[in-house]
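Report on the structure given below.
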Amino acid sequence: MAAAVLTACISICTPPVSAKENDVSLKRFDDRIEVRLNGKPLTSFQFNAKWEKPFLYPIATASGLILSRGYPIETREGEEKDHPWHRGIWYGHGDISKEDFWREKPDKTTSRLVMSGAPQLSGNSLEVVLAMQSSKDRRMGTIRERYAFSQDAQNVFIDSTITIAADAGGTLTFGDTDDGGFGFRLSDDFREERGAELMNSDGLIGTKAIWGKPSRWVH
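Basically the working numbering = 1-based index in the sequence shown + 119.
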(Lines of atoms letter the chains of each structure in order from A and count residues from 1; the text may use other names and numbers.)
(Lines give C-alpha, C1' and ligand atoms only; values in the text may rest on other atoms or scores of the structure.)
Protein backbone atom coordinates (compact mmCIF):
# COMPACT_ATOMS: atom_id res chain seq x y z
CA MET A 1 0.00 0.00 0.00
CA ALA A 2 1.26 3.48 -0.90
CA ALA A 3 0.26 6.69 0.86
CA ALA A 4 0.69 10.40 0.18
CA VAL A 5 0.53 13.01 2.95
CA LEU A 6 -0.44 16.68 2.55
CA THR A 7 -0.11 19.16 5.40
CA ALA A 8 -1.55 22.66 5.44
CA CYS A 9 -1.97 25.44 7.98
CA ILE A 10 -4.35 28.39 7.94
CA SER A 11 -3.63 31.32 10.25
CA ILE A 12 -6.33 33.83 11.18
CA CYS A 13 -5.24 37.08 12.85
CA THR A 14 -7.01 37.78 16.14
CA PRO A 15 -6.72 40.23 19.05
CA PRO A 16 -4.24 39.23 21.79
CA VAL A 17 -5.47 36.69 24.36
CA SER A 18 -4.04 35.33 27.59
CA ALA A 19 -2.88 31.72 27.83
CA LYS A 20 -5.80 30.75 30.09
CA GLU A 21 -8.28 31.86 27.41
CA ASN A 22 -6.74 29.55 24.81
CA ASP A 23 -9.50 26.97 25.16
CA VAL A 24 -10.70 24.74 22.32
CA SER A 25 -13.80 22.58 22.66
CA LEU A 26 -15.33 20.14 20.17
CA LYS A 27 -18.91 18.87 20.32
CA ARG A 28 -20.33 16.20 18.04
CA PHE A 29 -23.82 16.31 16.52
CA ASP A 30 -25.48 13.95 14.02
CA ASP A 31 -24.14 15.75 10.94
CA ARG A 32 -21.36 18.02 12.18
CA ILE A 33 -18.73 18.69 14.82
CA GLU A 34 -18.85 22.18 16.31
CA VAL A 35 -15.52 23.78 17.23
CA ARG A 36 -15.44 26.60 19.76
CA LEU A 37 -12.49 28.75 20.78
CA ASN A 38 -12.72 30.49 24.16
CA GLY A 39 -16.43 29.64 24.17
CA LYS A 40 -17.11 31.30 20.80
CA PRO A 41 -17.90 29.53 17.50
CA LEU A 42 -14.83 29.03 15.29
CA THR A 43 -16.08 26.52 12.70
CA SER A 44 -17.95 23.24 12.24
CA PHE A 45 -16.81 20.10 10.45
CA GLN A 46 -19.78 19.31 8.19
CA PHE A 47 -20.29 15.66 7.20
CA ASN A 48 -23.98 15.38 6.29
CA ALA A 49 -24.40 12.60 3.71
CA LYS A 50 -26.05 15.06 1.29
CA TRP A 51 -22.62 16.59 0.60
CA GLU A 52 -20.21 14.86 -1.79
CA LYS A 53 -17.31 15.54 0.57
CA PRO A 54 -16.94 16.91 4.13
CA PHE A 55 -15.77 20.45 4.86
CA LEU A 56 -15.22 23.07 7.55
CA TYR A 57 -17.92 25.78 7.59
CA PRO A 58 -18.34 28.56 8.55
CA ILE A 59 -14.88 29.96 9.28
CA ALA A 60 -14.93 32.74 11.89
CA THR A 61 -12.35 34.96 13.54
CA ALA A 62 -12.12 35.30 17.33
CA SER A 63 -14.21 38.48 17.06
CA GLY A 64 -16.96 36.68 15.14
CA LEU A 65 -16.19 37.96 11.63
CA ILE A 66 -17.18 35.30 9.06
CA LEU A 67 -14.44 34.72 6.47
CA SER A 68 -16.11 32.01 4.36
CA ARG A 69 -18.65 32.41 1.56
CA GLY A 70 -22.22 31.44 2.47
CA TYR A 71 -23.38 29.79 -0.78
CA PRO A 72 -24.56 27.05 -1.12
CA ILE A 73 -25.09 26.44 2.61
CA GLU A 74 -26.81 29.75 3.31
CA THR A 75 -28.02 32.71 1.26
CA ARG A 76 -26.35 36.12 1.54
CA GLU A 77 -27.57 39.10 -0.44
CA GLY A 78 -25.36 40.02 -3.41
CA GLU A 79 -23.15 36.94 -3.11
CA GLU A 80 -21.82 35.04 -6.15
CA LYS A 81 -23.39 31.63 -6.77
CA ASP A 82 -20.67 29.95 -8.83
CA HIS A 83 -18.92 26.65 -8.07
CA PRO A 84 -21.31 25.13 -5.49
CA TRP A 85 -18.59 22.65 -4.47
CA HIS A 86 -16.58 25.55 -2.99
CA ARG A 87 -17.75 25.22 0.63
CA GLY A 88 -15.63 26.68 3.44
CA ILE A 89 -12.39 24.69 3.77
CA TRP A 90 -12.11 21.27 2.12
CA TYR A 91 -9.81 18.81 0.37
CA GLY A 92 -10.42 17.52 -3.15
CA HIS A 93 -8.62 16.80 -6.41
CA GLY A 94 -9.78 17.05 -10.01
CA ASP A 95 -7.91 14.03 -11.37
CA ILE A 96 -7.18 10.98 -9.24
CA SER A 97 -6.83 8.06 -11.63
CA LYS A 98 -9.12 9.94 -14.06
CA GLU A 99 -11.80 10.42 -11.41
CA ASP A 100 -12.87 13.96 -10.41
CA PHE A 101 -13.02 14.45 -6.64
CA TRP A 102 -13.22 18.25 -7.00
CA ARG A 103 -16.22 19.26 -9.12
CA GLU A 104 -19.72 18.07 -8.27
CA LYS A 105 -21.83 17.36 -11.34
CA PRO A 106 -25.65 17.35 -11.56
CA ASP A 107 -25.71 14.22 -13.74
CA LYS A 108 -24.74 11.97 -10.79
CA THR A 109 -21.27 11.20 -12.19
CA THR A 110 -19.52 12.85 -9.25
CA SER A 111 -16.85 10.99 -7.32
CA ARG A 112 -17.43 11.17 -3.57
CA LEU A 113 -15.52 11.11 -0.28
CA VAL A 114 -17.77 9.07 2.02
CA MET A 115 -17.49 8.89 5.82
CA SER A 116 -16.20 5.52 6.99
CA GLY A 117 -16.94 5.05 10.67
CA ALA A 118 -17.46 7.70 13.33
CA PRO A 119 -15.31 10.84 13.65
CA GLN A 120 -12.62 10.61 16.33
CA LEU A 121 -12.24 13.56 18.72
CA SER A 122 -9.15 14.06 20.88
CA GLY A 123 -8.41 17.27 22.77
CA ASN A 124 -8.21 20.09 20.23
CA SER A 125 -8.34 17.86 17.13
CA LEU A 126 -10.68 15.71 15.08
CA GLU A 127 -9.94 12.93 12.61
CA VAL A 128 -12.11 11.19 10.02
CA VAL A 129 -11.60 8.34 7.57
CA LEU A 130 -13.15 8.74 4.11
CA ALA A 131 -13.72 6.11 1.46
CA MET A 132 -12.88 7.29 -2.07
CA GLN A 133 -15.93 6.27 -4.13
CA SER A 134 -15.61 6.61 -7.91
CA SER A 135 -18.38 7.91 -10.18
CA LYS A 136 -19.22 4.23 -10.83
CA ASP A 137 -19.42 3.57 -7.07
CA ARG A 138 -16.13 1.68 -6.95
CA ARG A 139 -13.94 2.09 -3.87
CA MET A 140 -10.52 3.42 -4.96
CA GLY A 141 -8.71 4.11 -1.70
CA THR A 142 -8.90 5.89 1.64
CA ILE A 143 -8.38 9.49 2.73
CA ARG A 144 -7.71 10.29 6.37
CA GLU A 145 -8.29 13.94 7.35
CA ARG A 146 -7.08 15.43 10.62
CA TYR A 147 -7.77 18.99 11.77
CA ALA A 148 -6.23 20.57 14.88
CA PHE A 149 -7.26 23.96 16.26
CA SER A 150 -5.09 26.24 18.39
CA GLN A 151 -4.24 29.85 19.15
CA ASP A 152 -1.31 32.01 20.20
CA ALA A 153 -1.26 35.66 21.27
CA GLN A 154 -2.01 36.95 17.76
CA ASN A 155 -3.36 34.12 15.61
CA VAL A 156 -5.85 31.29 15.38
CA PHE A 157 -4.47 28.19 13.63
CA ILE A 158 -6.21 25.43 11.73
CA ASP A 159 -3.64 22.71 11.02
CA SER A 160 -4.64 20.00 8.58
CA THR A 161 -3.02 16.69 7.67
CA ILE A 162 -4.48 14.78 4.71
CA THR A 163 -3.27 11.19 4.18
CA ILE A 164 -4.26 9.43 0.96
CA ALA A 165 -3.81 5.65 0.83
CA ALA A 166 -3.98 3.35 -2.21
CA ASP A 167 -5.41 0.50 -0.14
CA ALA A 168 -8.10 -0.86 -2.48
CA GLY A 169 -5.89 -3.10 -4.60
CA GLY A 170 -4.93 -0.55 -7.24
CA THR A 171 -2.63 2.40 -7.91
CA LEU A 172 -3.71 6.01 -7.47
CA THR A 173 -2.35 8.46 -10.05
CA PHE A 174 -2.65 12.22 -9.57
CA GLY A 175 -3.08 14.16 -12.80
CA ASP A 176 -1.86 17.68 -13.56
CA THR A 177 -4.94 19.82 -12.97
CA ASP A 178 -5.80 23.36 -11.91
CA ASP A 179 -8.54 22.04 -9.66
CA GLY A 180 -7.18 20.23 -6.69
CA GLY A 181 -5.69 20.36 -3.25
CA PHE A 182 -6.60 22.24 -0.12
CA GLY A 183 -9.37 24.76 -0.82
CA PHE A 184 -10.71 27.77 1.09
CA ARG A 185 -13.61 29.72 -0.47
CA LEU A 186 -13.49 33.16 1.10
CA SER A 187 -16.34 35.62 1.46
CA ASP A 188 -16.97 37.76 -1.62
CA ASP A 189 -15.61 40.72 0.37
CA PHE A 190 -12.15 39.27 -0.39
CA ARG A 191 -12.60 39.38 -4.18
CA GLU A 192 -10.14 41.57 -6.10
CA GLU A 193 -12.91 43.41 -7.91
CA ARG A 194 -14.17 44.51 -4.48
CA GLY A 195 -10.81 45.95 -3.50
CA ALA A 196 -8.97 43.00 -1.95
CA GLU A 197 -5.27 42.44 -2.75
CA LEU A 198 -3.70 38.99 -2.99
CA MET A 199 0.03 38.46 -2.40
CA ASN A 200 2.18 35.32 -2.12
CA SER A 201 5.43 34.58 -0.28
CA ASP A 202 7.50 35.62 -3.32
CA GLY A 203 5.97 39.09 -3.36
CA LEU A 204 3.81 38.49 -6.44
CA ILE A 205 0.57 40.47 -6.32
CA GLY A 206 -2.78 39.72 -7.93
CA THR A 207 -4.50 36.59 -9.22
CA LYS A 208 -2.91 36.72 -12.68
CA ALA A 209 0.59 36.83 -11.20
CA ILE A 210 -0.05 34.21 -8.50
CA TRP A 211 -2.19 31.64 -10.33
CA GLY A 212 -0.54 28.25 -10.83
CA LYS A 213 2.75 29.16 -9.10
CA PRO A 214 4.17 27.23 -6.10
CA SER A 215 4.34 29.35 -2.95
CA ARG A 216 4.87 28.90 0.79
CA TRP A 217 1.82 31.01 1.57
CA VAL A 218 -0.78 33.37 0.09
CA HIS A 219 -2.68 36.14 1.84
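We treat Cβ as the ideally placed atom computed from N, Cα and C, and that holds for glycine. Remember, predicted model here, so these are calculated numbers, not experimental data.
Rounded to whole angstroms, how far is the Cβ of residue 208 from the Cβ of residue 175, which I believe are closer than 8 Å?
-> For residue 208 against residue 175, the beta-carbon gap comes to about 4 Å, under 8 Å, which counts as contact.
Residue 215, enclosing alpha helix (DSSP H) - first and last residue = It is not in any alpha helix (DSSP H) - residue 215 carries neither H nor E in the DSSP assignment.
Apart from the five residues just before and just after residue 185, which ones in its own chain have a Cβ nearer than 8 Å to its Cβ?
-> Beyond the five residues adjoining it in sequence on each side, residue 185 comes within less than 8 Å, by CB distance, of 177, 178, 179 and 306 in the same chain, given in chain order.
Closest Cα partner of residue 156 within the set 204, 266 and 243 = Scanning 204, 266 and 243 for the CA closest to the CA of residue 156 turns up 243.
In three-state terms, what does DSSP make of residue 246?
-> It is a strand residue.
Contact set for residue 337: own chain, Cβ-Cβ below 8 Å, skip 5 residues either direction | So the list reads 317, 318, 319, 320 and 329, once near-sequence residues are dropped.
Can you tell which of 161, 298 and 271 has the C-alpha that lies nearest to the C-alpha of residue 218?
-> Ranking the options by Cα distance to residue 218, first place goes to 298.
Pick from 170, 149, 335 and 304 that is closest to residue 201, judged by C-alpha positions | Comparing Cα positions, the closest option is 304.
Closest by C-alpha distance to residue 127, when choosing among 293, 278 and 269 = With distances taken between Cα atoms, residue 127 lies closest to 278.
State the start and end residues of the unbroken alpha helix (DSSP H) segment that holds residue 326.
-> Boundaries of the alpha helix (DSSP H) harbouring residue 326: 326 to 329, taken from the DSSP string.
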